[in-house]
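Residue 19 in this note's numbering sits at position 11 of the sequence shown, with consecutive numbering throughout. Even for Gly, the Cβ is constructed at its ideal location relative to N, Cα and C.
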Amino acid sequence: MSFARIKAFWRKKHLVLTKGQATSTRLSLKAHQLPSTNLDAEAEHYIENILRIYAGVSQLTDLRPSSITDTLFSELVGLCVTVIPRTISDLVRNIGIPKSEPNVLQDPRISAILPDLRRICAAAEAELESHWAEAISSSTTSKEAHRVLQTFPYHNNYEKLTHLELSAISSTGISLSSVSKIAFIGSGPMPLTSFYLLSELNSINLEDPHQAKPINTPTPPSTPGNQTPENLPLVSITNIDINARANQQAQGLCTSLGGHLVTGMKFVDAEAGSNDVDLTEFDVVWLAALVGAGQKEKEVVGKMKKGSLLVMRGAWGLRGVLYCDFDASSSAVTACLDICVRMDPFGEVVNSVIVGRVK
């Protein structure tokens, strides 16, 4: 076959393929006008339920704990932590949105209400923690305060999240010790993460602050210059929150619970990234999920010392309905942080964990 004939053959072949692709494209466009498939129907189920719950919570005039608010928000959290196939969650996140727009979080109906829904969720979470902080603080004894704390609905959630975060930090090669300086920004009226950090790092049994757990590190020989386990320096956590009332409630909570929580927890009224707190003195800084995303992280990192760790919280899958996710791969983030690890939990824990080392 001559070169001219070969060229003509492939030109004809190309035209056939092009026509086939065009036909396929037309069929694909028409497919969006067809009735929903089973996959679409399942995604639609989640979308409709989120919209239904939003309609309910948006009409609430009081977000303090009650049978109505508890039912609605418990249903929303339960819906969002449900593990569903990625193909379905992608449909919930992207139905009707061109694939060329990868940063769009949700279906247009969801994205329209998402900022307000997250605002309501944040306000309800603050009311919930405020309510329980007051309830625990009203206890007459430390033992009773610890008993009430154990009945807090998300008690186990926070404990598991803290263990996840400690595991993430450990995977970076850094071992937190009793001399580590830690700050938590956005601690709120119930700084449970700080509670559990003190429990783990100081080997204190939170249920009984006077009963110590075995210390993992070897005990040094008892010589005149050495400190005994009883007087070893304990971890101190600085809790930073812009809400002065939240800090006051948290301090009252620590006083009621007693033990090292009284001396091991410090509270500062300040905004994330402000000059009111010197973040260069801390080895690890936690940033609460509700503090914000993007600009706040950059402001905080700018105040931290090189080599220190920033622990952030995100949300994967439908959990992104409750909290903003954190894009660890953006140029703004990678310019100031070396992202070490990201952990996306299954089960009842809502938040993902991202750990970055300050450049």
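- Query: With 7 Å set as the bound, which would you pick, yes or no: does the beta-carbon of N251 sit closer than that to a beta-carbon of chain C?
  - Reply: Within the model displayed, chain C is absent; a lone protein chain is all it includes.
- Item | Coil, strand or helix - D70 by DSSP | For this step, residue 70 is matched to residue 62 along the sequence shown. Reduced to three states, the DSSP call for D70 is coil.
- Count the CB pairs spanning the segment 135 to 154 and the segment 84 to 92 that are closer than 8 Å, and state whether there are at least three. The answer is no - the segment 84 to 92 does not touch the segment 135 to 154, with fewer than three Cβ pairs under 8 Å.
- beta strand (DSSP E) segment containing A191, residue limits: Position 183 of the sequence shown, counting from 1, holds the residue named residue 191. Per DSSP, A191 belongs to the beta strand (DSSP E) from 189 to 193.
- Message: Is L209 near the ligand PLP - that is, is its Cβ less than 6 Å away from at least one heavy atom of it?
- Response: Annotation note on the ligand PLP: not contained in the displayed structure, which lists no ligands.
- Task: Give every residue of the same chain whose Cβ lies closer than 6 Å to the Cβ of M320, excluding the five residues on either side of it in the sequence, and list them in chain order.
- Result: For the purposes of this step, residue 320 is taken as the residue at position 312 of the sequence shown. Cβ within range, chain order: L295, F334, I362.
- Message: I need the boundaries of the alpha helix (DSSP H) containing R117, first residue and last residue.
- Response: Taking the sequence shown and counting its residues from 1, the one referred to as residue 117 is at position 109. Here the alpha helix (DSSP H) through R117 covers 116 to 145.
- Item | Boundaries (first-last residue) of the beta strand (DSSP E) holding K274 | As a position in the sequence shown, residue 274 is number 266, starting the count at 1. Here the beta strand (DSSP E) through K274 covers 273 to 277.
- Can you tell me which of the three DSSP states V299 falls into? Position 291 of the sequence shown holds residue 299. Reduced to three states, the DSSP call for V299 is coil.
- S185: which of A132, S338, N359, V292 sits nearest, CA to CA? Your numbering for residue 185 matches position 177 in the sequence shown. Nearest Cα to S185 within the set A132, S338, N359, V292: V292.
- Task: Determine the burial state of D346: buried for a count of at least 16 other Cβ atoms within 10 Å of its Cβ, exposed for fewer.
- Result: Position 338 of the sequence shown, counting from 1, holds the residue named residue 346. By the 10 Å Cβ count, D346 comes out exposed.
- CB contact flag (D115, I55, <7 Å): Here residue 115 refers to the residue found at position 107 when the sequence shown is read from its first residue. Here residue 55 refers to the residue found at position 47 when the sequence shown is read from its first residue. Going by C-beta atoms, D115 is nearer than 7 Å to I55.
- In its own chain, which residues sit with a C-beta less than 7 Å from the C-beta of W140, not counting the 5 before and 5 after it? By 1-based counting over the sequence shown, the position of residue 140 is 132. Once the five neighbours on either side are set aside, the close Cβ partners of W140 are F160, M198.
- Task: Would you grab the beta carbon distance between G272 and V243 for me? Rounded to a whole angstrom, and I think it's under 8 Å.
- Result: For the purposes of this step, residue 272 is identified with residue 264 of the sequence shown, where counting begins at 1. For the purposes of this step, residue 243 is identified with residue 235 of the sequence shown, where counting begins at 1. At roughly 6 Å, the Cβ-Cβ gap stays under 8 Å, so G272 and V243 are in contact.
- In the structure shown, what three-state DSSP assignment does C344 receive? Working through the sequence shown from its first residue, we reach residue 344 at position 336. The answer is coil: DSSP assigns C344 none of H, G, I, E or B.
- Can you tell which of P73, L172, G260 has the C-alpha that lies nearest to the C-alpha of R350? Locating residue 350 in the sequence shown gives position 342, counting from the first residue. Of P73, L172, G260, the residue nearest in Cα terms is L172.
- Query: With L326 and V85 assumed to form a contact (beta carbons below 8 Å), what rounded beta-carbon distance in angstroms separates them?
  - Reply: Numbered from 1 along the sequence shown, position 318 holds the residue referred to as residue 326. Numbered from 1 along the sequence shown, position 77 holds the residue referred to as residue 85. Contact between L326 and V85 fails: their C-beta atoms lie close to 10 Å from each other, not under 8 Å.
- Uninterrupted beta strand (DSSP E) stretches inside the segment 313 to 345 (no shorter than 3 residues): Here the runs fully enclosed are 317 to 322.
- Query: Expressed to the nearest angstrom, what Euclidean distance is found between the alpha-carbon atoms of N164 and V357?
  - Reply: In the sequence shown, residue 164 corresponds to position 156, counting from 1. In the sequence shown, residue 357 corresponds to position 349, counting from 1. One Cα belongs to N164, the other to V357, and the distance between them is close to 9 Å.
- Query: Nearest-angstrom Cα distance between L205 and I182?
  - Reply: By one-based count along the sequence shown, residue 205 stands at place 197. By one-based count along the sequence shown, residue 182 stands at place 174. Taking the straight line from one Cα to the other gives about 15 Å.
- Task: Find the nearest neighbour of A153 within the set S316, G266, W324, judged by alpha-carbon distance.
- Result: Start at 1 with the first residue of the sequence shown, and residue 153 comes out as number 145. The shortest CA-to-CA distance from A153 to any of S316, G266, W324 is the one to G266.
- For the candidate residues C348, A130, A143, L59, whose alpha-carbon lies nearest to that of I121? Counting from one through the sequence shown, the residue named residue 121 turns up at place 113. Ranking C348, A130, A143, L59 by Cα distance to I121 puts L59 first.
- Going along the chain, which residues of its own chain have a beta-carbon closer than 7 Å to the beta-carbon of L200, five neighbours each way excluded? As a position in the sequence shown, residue 200 is number 192, starting the count at 1. Here L200 has Y166 as same chain residues with Cβ atoms under 7 Å from its own Cβ, once five neighbours each way along the sequence are excluded.
- Query: In whole angstroms, what separates the C-alpha of A134 from that of C348?
  - Reply: If you number the sequence shown from 1, residue 134 lands on position 126. If you number the sequence shown from 1, residue 348 lands on position 340. Those two C-alpha atoms are separated by around 30 Å.
- Message: If you measure between the beta carbons of V285 and G194, is that distance less than 7 Å?
- Response: One-based indexing of the sequence shown puts residue 285 at position 277. One-based indexing of the sequence shown puts residue 194 at position 186. By the CB criterion at 7 Å, V285 and G194 fall outside the cutoff.
- DSSP-derived helix/strand/coil call for T148: Numbered from its first residue, the sequence shown carries residue 148 at position 140. When DSSP states are grouped into helix, strand and coil, T148 belongs to the coil group.
- Task: Apply the 10 Å Cβ neighbour rule to E142 and answer buried if 16 or more other Cβ atoms are within range, or exposed otherwise.
- Result: Looking up residue 142 in the sequence shown gives position 134. Burial call: exposed.
- Message: I'd like to confirm the pairing. Which residues does DSSP put opposite D249 in its beta bridges?
- Response: The sequence position of residue 249 within the sequence shown is 241, counting from 1. According to DSSP, D249 shares a beta bridge with D277.
- Message: Please report the distance separating the alpha-carbon of S188 from that of L87.
- Response: If you number the sequence shown from 1, residue 188 lands on position 180. If you number the sequence shown from 1, residue 87 lands on position 79. Approximately 38 Å, taken between the alpha carbons.
- Query: So E208 and L174 are in contact, right, with Cβ under 8 Å, and what is the actual spacing, rounded?
  - Reply: Against the sequence shown, residue 208 aligns to sequence position 200. Against the sequence shown, residue 174 aligns to sequence position 166. Confirmed, Cβ separation roughly 6 Å.
- Are the CB atoms of N130 and L71 nearer to each other than 7 Å? Residue mapping note: residue 130 aligns to position 122 of the sequence shown, counting from 1. Residue mapping note: residue 71 aligns to position 63 of the sequence shown, counting from 1. The sequence shown places Ala at residue 130, not Asn. Their beta carbons are not under 7 Å apart, which means A130 does not touch L71 by this criterion.
- Message: Could you compute how far the alpha carbon of I250 sits from the alpha carbon of V156?
- Response: Taking the first residue of the sequence shown as 1, we reach residue 250 at position 242. Taking the first residue of the sequence shown as 1, we reach residue 156 at position 148. Their backbone Cα atoms lie some 26 Å apart in a straight line.
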